[in-house]
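Visitor: To convert, note that position 67 of the sequence shown is 91 in the numbering used here; the numbers rise steadily by one, no gaps.
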Amino acid sequence: MIERIDHISLAVKDIEKAKQFFCDVLGLVPCAWSVLEDLKYLGQVFSAGDLTRVEMITPTGGGSFLDKFLAEREGVHHVCFQTLDIAKAKEFLDQKGIPTFGYSTENDWKELFIHPRDAFGVLIQIAQFHPEEFLVEPLKFPEGVKWEINPSSQGVTLTTSHPGSGKSRLQLTKDETRRLGEELIKSAANPQG
C-alpha cells in the first residue's frame, strides 16, 4: 500500500525566513510551489540531498485551515506517504477500520488523510501522484535515462534514478565496481537465479 515517505510538511508563519534557514543553512533545493485560494495557503516543496522532501505551508490570509495550528505553534503539520493506488489504499484502511477524511480523486494529486487521534498524534496524508512534477530540472534525469557513471581515481560514482523521480548517488570502489559488473552480467545471463 505504501511506497515511501514522500514529504514532511512544516507549517510556518514566515515562509521567506523559513526558506533562508532550510535552503541557506541546510542546503535544501526549492522545487514546486502552489497557492490554493480555496484553502487560503501557499505550499512549497524542497528537496534534500537524497530526494527526501520537505514541504512548507503558510496561510495566504485569514480563515486558512492553518490558523488554529499556527496559533499554537509552528512545526511539523503532517507526514505524507506515497501510494501507487489511492482507491486501494482507502479500501485497505476501511477494511482495517481506520477512519479517513479529505478523500479526493479529482486531480492528478489524489489524497486522503488519517486524523492524529487515529494515528498516535500524527496527521497522515496518503497520496497518489507523479513525483517528477515536483522537482526542478537539475534534480531530474533526462527522459528515458536511468543511470549515469562518473569515474574517479578511487572507482566510480553511480547515479541512478530514484523512486522520488530524481537522482540517487552511490560511491563504489574499483573492486565494488568490478563485482557489480560481474553480478549484473551473471544475473542477465541467468535471470532465474
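Beta carbons are placed, not taken as given, at the ideal position from N, Cα and C, and that holds for glycine.
Can you give me the Cβ contacts of Ser88 inside the same chain, cut-off strictly under 8 angstroms, excluding the 5 residues immediately before and after it?
Guide: Excluding residues within five positions, the ones whose Cβ falls inside 8 angstroms are Leu63, Lys64, Tyr65.
Visitor: Which partner residues of Pro54 appear in the DSSP bridge assignment?
Guide: Looking at the DSSP assignment, Pro54 forms a beta bridge with Phe70.
Visitor: Which residue from Val59, Ser177, Ser128 puts its Cα closest to that of Phe153?
Guide: Here the closest residue by C-alpha is Ser128.
Visitor: Rounding to the nearest angstrom, what Cα-Cα distance links Pro83 and Asp91 in this structure?
Guide: Each residue's alpha carbon lies about 7 angstroms from the other.
Visitor: Could you tell me the distance, in whole angstroms, from the CA atom of Val53 to the CA atom of Cys47?
Guide: If I take the Cα positions, the gap works out to 6 angstroms.
Visitor: When we look at the beta-carbon of Gln44 and count the other beta-carbons within 10 Å, is it buried (16 or more) or exposed?
Guide: Counting Cβ neighbours within 10 Å, Gln44 comes out exposed, since fewer than 16 surround it.
Visitor: Give me the residue from Ile148, Arg141, Ile110, Pro140 with the minimum Cα distance to Asn131.
Guide: Looking at the Cα atoms, Ile110 is the closest of the given residues.
Visitor: Roughly how many angstroms separate the alpha carbons of Lys37 and Leu204, rounded to a whole number?
Guide: Rounded to whole angstroms, Lys37 to Leu204 spans 48 angstroms at the Cα level.
Visitor: For Leu194, which residues of its own chain have a beta-carbon under 6 angstroms away from its beta-carbon, when the five flanking residues on both sides are left out?
Guide: Once the five neighbours on either side are set aside, the close Cβ partners of Leu194 are Leu182.
Visitor: DSSP beta-bridge partners for Pro140?
Guide: Pro140 pairs with nothing; no bridge assigned.
Visitor: Starting from the N-terminal side, write out each stretch of the alpha helix (DSSP H) that is 4 residues or longer and does not extend beyond the stretch 101-153.
Guide: Within the stretch 101-153, the complete alpha helix (DSSP H) runs of at least 4 residues are 110-119.
Visitor: Take the Cβ of Asn199 as the centre, count every other Cβ of all protein chains shown within 10 Å, and call the residue buried at 16 or more, exposed below.
Guide: Looking at the sequence provided, one finds Asp at residue 199 rather than Asn. Answer is exposed; the Cβ neighbour count stays below 16.
Visitor: Pull the bridge partners of Pro175 from the DSSP assignment, please.
Guide: Answer is Val180.
Visitor: Closest by CA to Ile26, which one among Glu96, Gly67, Leu136, Gln178?
Guide: Nearest of Glu96, Gly67, Leu136, Gln178 to Ile26, Cα basis: Leu136.
Visitor: Measuring only the C-alpha atoms, how far is Ala95 from Phe144?
Guide: Cα-Cα distance, rounded: 22 angstroms.
Visitor: Quick check on this structure: which residue in Leu147, Gly67, Ala35 has the alpha carbon closest to the alpha carbon of Gly219?
Guide: The chain is shown only over 25 to 217; residue 219 falls outside these bounds and no answer can be derived.
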